[in-house]
Amino acid sequence: MAEIFPEIPQIRYEGPGSRNPLAFKYYDPERIVRGKRMAEHLPFAMAWWHSLCNAGRDMFGDETADKSFGVPQKDMARARAKVDAGFEFMQKLGIRYFCFHDVDLVPEADDINETNRRLDEISDYLLAKMEETGIRCLWGTANMFGNPRFVNGAASSNSADVFCFAAAQVKKALDLTVKLGGGGYVFWGGREGYETLLNTDVKFEQENIARLMRMAVDYGRGIGFTGDFYIEPKPKEPMKHQYDYDAATAIGFLRQHGLEGDFKLNIEANHATLAGHTFQHDLRVSAANGMLGSIDANQGDDLLGWDTDEFPFNVYEATLCMYEVLKAGGLSGGFNFDAKTRRPSYTPEDMFYAFILGMDTFALGLVKAAAILEDGRIDSFLKERYASYRAGIGARIRSGEATLDECAAYAQRLKKPELPGSGRQEYLESVVNSVLFG
Ligand code: XLS
Ligand code: CA
Ligand code: CA
């Protein structure tokens with residue numbers, strides 16, 4: 120088969136001194152970091168939608184990139200060309216996973232039966248490519264936000280017919296995920312939210328979202344899906360308010376509806392920042408609750424209040440992300456580049472440069488996070504900060520033995536506590552800088 124990117128060679132590691140734009144400077148898959156190969160620490164995935172479908176259209180202008188891959192019409196021949204392009208792309212970058220929405224794979228037909236037939240056809244083609252290359256599916260999902268029927272949401276729609284269409288898409292996307300051996304299944308609540316409370320029954324809508332998730336778990340487990348279901352929190356966009364606002368909200372929702380045993384979270388950097396948090400914050404909250412599953416690796420723009428899905432270049436942020444991941448003992452999922460090149464970067468080379476940037480950024484983040492752990496100053500400071508809970512009244516509070524009376528009596532004997540000790544934020548930030556920059 121003729122190559123789709125003939126001018127692009129296999130991308131290899133050449134080291135930090137390299138000036139070759141088509142080489143990795145930091146991502147060295149074989150390098151051992153904390154006892155594990157870099158490639159194992161960083162299971163990178165290509166997002167089908169941004170990489171193979173998105174051609175740069177925005178609210179003000181048309182497509183700038185050519186994502187036709189030699190097939191002008193948007194038909195099944197194009198769908199197969201996307202598979203060919205995607206696999207060549209992943210192989211050239213050494214990416215071992217991909218993520219997909221149902222309708223990224225094929226053009227959606229007017230009749231869901233025909234869409235499903237097309238999905239069967241393309242997934243046979245995909246499966247053959249996967250067997251040939253060893254590339255695997257990280258997670259699958261259903262697009263329940265693009266089609267006009269989802270204008271009022273999917274599971275949270277006011278229409279029971281629309282709820283059933285959402286259910287049908289989830290069922291088919293789960294079938295595909297299992298067929299392709301996917302490790303996870305994502306629910307991103309694209310339009311599961313509201314524009315105005317004047318027309319919205321929030322309680323009922325949230326219950327219906329949980330009902331669809333429960334149906335999906337029951338069905339998925341029944342067809343042999345043993346992986347994790349994920350909620351991907353996002354506070355807004357496209358809806359004014361989305362129910363899965365952030366990690367803490369999604370965790371509370373899962374627990375409220377008894378779904379926490381089957382679900383974890385897929386944390387996207389740009390969604391955490393839209394929620395007014397740092398990326399690290401949502402990772403920490405997920406990990407603290409045993410629910411850190413997978414990551415959508417991208418970044419937003421501090422100056423823009425919307426979801427820009429940029430390829431990550433911020434090493435500081437990637438370091439703090441990898442610090443959380445290492446402390447959590449790794450991910451059960453992976454690092455999906457839910458990211459797109461900027462509209463003016465419209466050539467195939469730009470796509471390769473973008474992935475090289477993202478992969479190098481996380482490789483550097485991994486190395487620097489490991490160095491922070493080995494340095495030890497931050498962790499030992501953190502441990503010492505809570506030392507008062509290791510003995511005496513602190514130990515009794517911690518074990519749950521202390522009563523309110525006992526704590527109050529202790530305070531009365533003390534008369535006045537000392538200040539609790541400096542937070543030393545500036546010192547700790549300088550430790551991070553010294554590890555990052557030597
Ligand atoms: C959009 C979301 C979406 C999910 C999958 O903002 O990030 O791409 O990852 O539906
Ligand atoms: Ca996003
Ligand atoms: Ca995402």
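When you read off a place in the sequence shown, starting at 1, and then add 119, the result is the number in the numbering used here. Just so it is clear, CB atoms sit at the ideal spot from N, CA and C, and this is done for glycine as well. Predicted, not measured: the structure shown is a model, and the values here were computed from it.
Rounded Cβ spacing between F80 and I254 (contact assumed at less than 8 Å): Summary: the structure shown does not reach residue 80, with the chain confined to residues 120 through 557, and so no result is reported for it.
For K383, the first and last residue of its enclosing beta strand (DSSP E): In the sequence shown, residue 383 corresponds to position 264, counting from 1. From DSSP, the beta strand (DSSP E) with K383 extends over F382 to E387.
Spatial distance of D239 from L295 (CA atoms): Taking the first residue of the sequence shown as 1, we reach residue 239 at position 120. Taking the first residue of the sequence shown as 1, we reach residue 295 at position 176. Those two C-alpha atoms are separated by around 8 Å.
Runs of beta strand (DSSP E) lying entirely within the region 312 to 358, each at least 3 residues, in chain order: 347 to 350
Alpha carbon of N385 to alpha carbon of T460, nearest angstrom: Here residue 385 refers to the residue found at position 266 when the sequence shown is read from its first residue. Here residue 460 refers to the residue found at position 341 when the sequence shown is read from its first residue. Each residue's Cα considered, the two are about 22 Å apart.
With 16 other Cβ atoms within 10 Å as the buried cut-off, status of E351: One-based indexing of the sequence shown puts residue 351 at position 232. Classification of E351: buried, given that the 10 Å Cβ count is 16 or more.
Proximity test, H390 beta-carbon vs ligand 2 heavy atom, cut-off 7 Å: Translated into the one-based positions of the sequence shown, residue 390 becomes position 271. For ligand 2, at least one heavy atom lies less than 7 Å from the Cβ of H390.
Closest residue to L533 among G380, I512 and E520 (Cα-Cα distance): Reading the sequence shown from its first residue, position 414 is the one you call residue 533. Checked all of G380, I512 and E520; the closest Cα to L533 is I512.
Anticipated Cβ contact below 8 Å, D401 with A391, distance rounded: Taking the sequence shown and counting its residues from 1, one reaches residue 401 at position 282. Taking the sequence shown and counting its residues from 1, one reaches residue 391 at position 272. At roughly 4 Å, the Cβ-Cβ gap stays under 8 Å, so D401 and A391 are in contact.
According to DSSP, residues forming a beta bridge with H396: By 1-based counting over the sequence shown, the position of residue 396 is 277. Note: H396 sits in no beta bridge, so no partner.
Residues of its chain near I516, where Cβ-Cβ distance is below 8 Å and the 5 sequence neighbours each way are ignored: Walking along the sequence shown from the start, residue 516 turns up at place 397. So the list reads Y508 and C526, once near-sequence residues are dropped.
E122 beta carbon near ligand 2 (any heavy atom closer than 7 Å): Numbered from its first residue, the sequence shown carries residue 122 at position 3. No, the Cβ of E122 stays beyond 7 Å of every heavy atom of ligand 2.
Neighbouring residues (CB closer than 5 Å to any heavy atom of ligand 4): As for ligand 4, it is missing from this structure, which binds only ligand 1, ligand 2 and ligand 3.
Environment of W258 [buried if 16+ CB atoms lie within 10 Å]: As a working note, residue 258 is residue 139 in the sequence shown. It is buried - the Cβ of W258 has at least 16 other Cβ atoms within 10 Å.
K353 CB to nearest heavy atom of ligand 1 below 7 Å: Along the sequence shown, one-based indexing puts residue 353 at 234. Within the cutoff, so yes.
Limits of the alpha helix (DSSP H) - the one that D223 falls within: Residue 223 sits at position 104 when you count from the first residue of the sequence shown. Element bounds for D223: D221 to L224.
W307: CB within 7 Å of a non-hydrogen atom of ligand 1: Counting from one through the sequence shown, the residue named residue 307 turns up at place 188. It does: the Cβ of W307 is within 7 Å (strictly closer) of some heavy atom of ligand 1.
E456 - containing beta strand (DSSP E), residue span: For the purposes of this step, residue 456 is identified with residue 337 of the sequence shown, where counting begins at 1. In the sequence under discussion, the amino acid at residue 456 is Phe, which differs from the Glu named in the question. That run of the beta strand (DSSP E) goes F454 to F456.
Spatially closest choice to L445 from R268, R237 and I491, by CA coordinates: Here residue 445 refers to the residue found at position 326 of the sequence shown. With distances taken between Cα atoms, L445 lies closest to I491.
D365 versus P354, R156, P125 and A292, residue with shortest Cα-Cα distance: The residue given as residue 365 occupies position 246 in the sequence shown. Closest option to D365, Cα to Cα, is P354.
Cβ-Cβ distance between T438 and L547 below 8 Å: Along the sequence shown, read from residue 1 onward, the residue named residue 438 stands at position 319. Along the sequence shown, read from residue 1 onward, the residue named residue 547 stands at position 428. It is not a contact, given that the beta carbons lie outside the stated cut-off.
Alpha helix (DSSP H) segment containing D147, residue limits: Here residue 147 refers to the residue found at position 28 of the sequence shown. Unbroken run through D147: none, as it is neither H nor E.
Cβ-Cβ distance between Y146 and A482 below 8 Å: In the sequence shown, counting from the first residue as 1, residue 146 sits at position 27. In the sequence shown, counting from the first residue as 1, residue 482 sits at position 363. Contact: yes.
Nearest-angstrom beta carbon gap, G419 and N389 [assumed within contact, 8 Å]: For the purposes of this step, residue 389 is taken as residue 270 along the sequence shown, with counting starting at 1. For the purposes of this step, residue 419 is taken as residue 300 along the sequence shown, with counting starting at 1. That pair is a contact at about 4 Å.
The region 260 to 276 in contact with the region 328 to 341 per 3-pair CB rule at 8 Å: yes
C-beta contact flag for A458 and N433 at 8 Å: For the purposes of this step, residue 458 is taken as the residue at position 339 of the sequence shown. For the purposes of this step, residue 433 is taken as the residue at position 314 of the sequence shown. No, these two residues do not count as a Cβ contact at 8 Å.
Closest by C-alpha distance to R153, when choosing among F471, K201, M441 and T427: Here residue 153 refers to the residue found at position 34 of the sequence shown. Answer by Cα proximity: M441.
Rounded C-alpha distance that separates T427 from N266: Within the sequence shown, the letter at position 308 stands for residue 427. Within the sequence shown, the letter at position 147 stands for residue 266. Going from the Cα of T427 to the Cα of N266 covers about 21 Å.
Close beta carbons around G302, own chain, < 7 Å, minus the five adjacent residues each side: Indexing the sequence shown from 1 puts residue 302 at position 183. The residues are L257, W258, G346 and G452.
heavy atom of ligand 1 below 7 Å from H220 C-beta: In the sequence shown, residue 220 corresponds to position 101, counting from 1. Yes, since a heavy atom of ligand 1 falls inside the 7 Å radius drawn around the Cβ of H220.
Cα-Cα separation between G341 and R236, rounded to whole angstroms: Counting from 1 along the sequence shown, the entry for residue 341 is found at position 222. Counting from 1 along the sequence shown, the entry for residue 236 is found at position 117. Rounded to the nearest angstrom, the two C-alpha atoms are 22 Å apart.
Separation of A287 from D337, as counted between CA atoms: Your numbering for residue 337 matches position 218 in the sequence shown. Your numbering for residue 287 matches position 168 in the sequence shown. One C-alpha to the other measures close to 14 Å.
CB contact flag (D363, E443, <8 Å): Within the sequence shown, residue 363 is the residue found at index 244, counting from 1. Within the sequence shown, residue 443 is the residue found at index 324, counting from 1. No, Cβ-Cβ distance for D363 and E443 is not below 8 Å.
Sub-8 Å separation of L212 and L485 beta-carbons: Residue 212 sits at position 93 when you count from the first residue of the sequence shown. Residue 485 sits at position 366 when you count from the first residue of the sequence shown. No, the Cβ-Cβ distance between L212 and L485 is not below 8 Å.
Beta-carbon proximity check, F471 vs E436, cutoff 8 Å: Residue mapping note: residue 471 aligns to position 352 of the sequence shown, counting from 1. Residue mapping note: residue 436 aligns to position 317 of the sequence shown, counting from 1. No, the pair does not count as a contact, with Cβ atoms beyond the cut-off.
Closest by C-alpha distance to D469, when choosing among D185, T480, D415 and R199: To locate residue 469, count along the sequence shown from 1; it is residue 350. Cα-wise, what sits closest to D469 is D185.
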